[in-house]
Amino acid sequence: MPRESLGYVRMVWYCPNCQSKNPGNFRFCRGCGAAQPANVEFQKDDQDVLVTDAKEIEQAELGADIHCGYCGARNPANARECLACGADLATGTPRASGTMAGALNTGPVAMQNCPACGSPNPATALTCSKCGASLKSAPAQAQPSLAKPASFPKWLPFAFIGLTILCILLAVILTRTTDQIGTVSALAWQRSYPILAQRAVEHEDWKDQIPQDAILGVCEERKAGVSDQPTDRSVKVCGTPYTIDKGNGYSEVVQDCQYEVYADYCSYTVQEWVTVDNITTSGSDLNPYWPQLNLAADQRAGDGSEQYRITFSTEDGNVTYETADAALFGAAEPGSRWTLRINSLGEIVTIEPAP
Numbered sequence: 000m001p002r003e004s005l006g007y008v009r010m011v012w013y014c015p016n017c018q019s020k021n022p023g024n025f026r027f028c029r030g031c032g033a034a035q036p037a038n039v040e041f042q043k044d045d046q047d048v049l050v051t052d053a054k055e056i057e058q059a060e061l062g063a064d065i066h067c068g069y070c071g072a073r074n075p076a077n078a079r080e081c082l083a084c085g086a087d088l089a090t091g092t093p094r095a096s097g098t099m100a101g102a103l104n105t106g107p108v109a110m111q112n113c114p115a116c117g118s119p120n121p122a123t124a125l126t127c128s129k130c131g132a133s134l135k136s137a138p139a140q141a142q143p144s145l146a147k148p149a150s151f152p153k154w155l156p157f158a159f160i161g162l163t164i165l166c167i168l169l170a171v172i173l174t175r176t177t178d179q180i181g182t183v184s185a186l187a188w189q190r191s192y193p194i195l196a197q198r199a200v201e202h203e204d205w206k207d208q209i210p211q212d213a214i215l216g217v218c219e220e221r222k223a224g225v226s227d228q229p230t231d232r233s234v235k236v237c238g239t240p241y242t243i244d245k246g247n248g249y250s251e252v253v254q255d256c257q258y259e260v261y262a263d264y265c266s267y268t269v270q271e272w273v274t275v276d277n278i279t280t281s282g283s284d285l286n287p288y289w290p291q292l293n294l295a296a297d298q299r300a301g302d303g304s305e306q307y308r309i310t311f312s313t314e315d316g317n318v319t320y321e322t323a324d325a326a327l328f329g330a331a332e333p334g335s336r337w338t339l340r341i342n343s344l345g346e347i348v349t350i351e352p353a354p
């Protein structure tokens, strides 16, 4: 999914020495002058404001800052020597970057009272507009509570074992078969042909998929898919803007966009062979035959179907076996004895002449 850049917003960081809140582009604490340590992360401010200053935008585009390998101070990505101590930055460590900082928040911010003089100030303000005192301290870090390991009921393993055994028993029972002798006591057969004729049949599809010989009906515009590139009939749709930490005190505001592609979806009519009738023959002997076809000029016969039913008398009563095998049916002479393989549900699985 293509990602579009909407600009940059400034992040903040909290000094671990004096707890002061600092703008992301300040590499040294404005409260005590200490350099931002490598392990102090940038955070989103209470309100995101797009940077408009050309020099700041250029700074944001440089990429992740580098921490000096000698004194630890932050330096711009294009610096060759440390701005604090002059050491070569070849041994420096770039800050982490590329992680999502959060959704873009441009809404109004709440007011806060200065802890020194009590004057109201915007929540995004770093210092009191009246007395100059620092308004923000580093947020308290919640101590993670040790989660108690989840305990399982003592009976759960036994229940699992019991369920497994039950499944095995059911599988054995359902797949078990027994052989039984049966005598052919009744026969039945049926053969049929579907009679087909051409009729107008209505379908729906995308306009470019409709056969050329079809009669076009009503069309409507529908969403046909999505594309990363614009087309003649597409609408640009973007997700909620979010921010990506650049590792230099700024985060890039981006949004993921796609193009919804629209096309005509139409009804159409074509001539197709459809079933208009069925002719069937049936009987209860060993002489099945196909129906006599008497077709009109605009008709034809479809694929024929055949079904045979053999009823056997057994010690436990009558059971029926159905098949489409004409040769097997033809061998089932009334009164002949067959070996029937019957499953646990009482259904015949296979038959064969008894020895």
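The numbering of the sequence shown is numbering that gives the first Met the number 0, which starts it at 0 and goes up by one.
Where is the CB? At the ideal position from N, CA and C, for every residue including glycine.
Asked: Indicate the three-state DSSP secondary structure (helix, strand or coil) for LEU195 in the structure shown.; Found: strand
Asked: Once you ignore the five residues that flank GLY282 on each side, which residues in its own chain have a CB closer than 7 Å to its CB?; Found: TRP188
Asked: Tell me TRP272's beta-bridge partners as DSSP assigns them.; Found: GLN197
Asked: CA-CA distance, PRO355 and GLY246?; Found: In the structure as shown, the chain starts at 0 and stops at 354, and residue 355 therefore has no counterpart that could be examined.
Asked: By Cβ distance below 8 Å, which residues in the same chain neighbour GLU55 in space, the five residues on each side in sequence not counted?; Found: TYR7, ARG9, ASN24 and TYR249
Asked: Just list the residues that DSSP pairs ALA325 with in beta bridges.; Found: Answer by DSSP bridge pairing: none, since ALA325 is not bridged.
Asked: Can you tell me where the beta strand (DSSP E) with LYS235 in it begins and where it stops?; Found: 233–237
Asked: Going by beta-carbon coordinates alone, are ILE214 and THR268 separated by less than 8 Å?; Found: yes
Asked: Closest to GLU351 by CA distance: which of ASP178, GLN58 and ALA170 is it?; Found: ASP178
Asked: Would DSSP call PRO290 helix, strand or coil?; Found: coil
Asked: The beta strand (DSSP E) with LYS20 in it runs from where to where?; Found: 20–22
Asked: Which of the three DSSP states, helix, strand or coil, is assigned to LEU169?; Found: helix
Asked: Could you check if CYS113 is buried or exposed, using at least 16 other CB atoms within 10 Å of its CB as the buried criterion?; Found: buried
Asked: Between which two residues does the alpha helix (DSSP H) containing ILE56 stretch?; Found: 53–59
Asked: I need the DSSP call for ALA89, collapsed to helix, strand or coil.; Found: helix
Asked: Going by the beta-carbon positions, is the gap between GLY238 and ASP263 smaller than 8 Å?; Found: no
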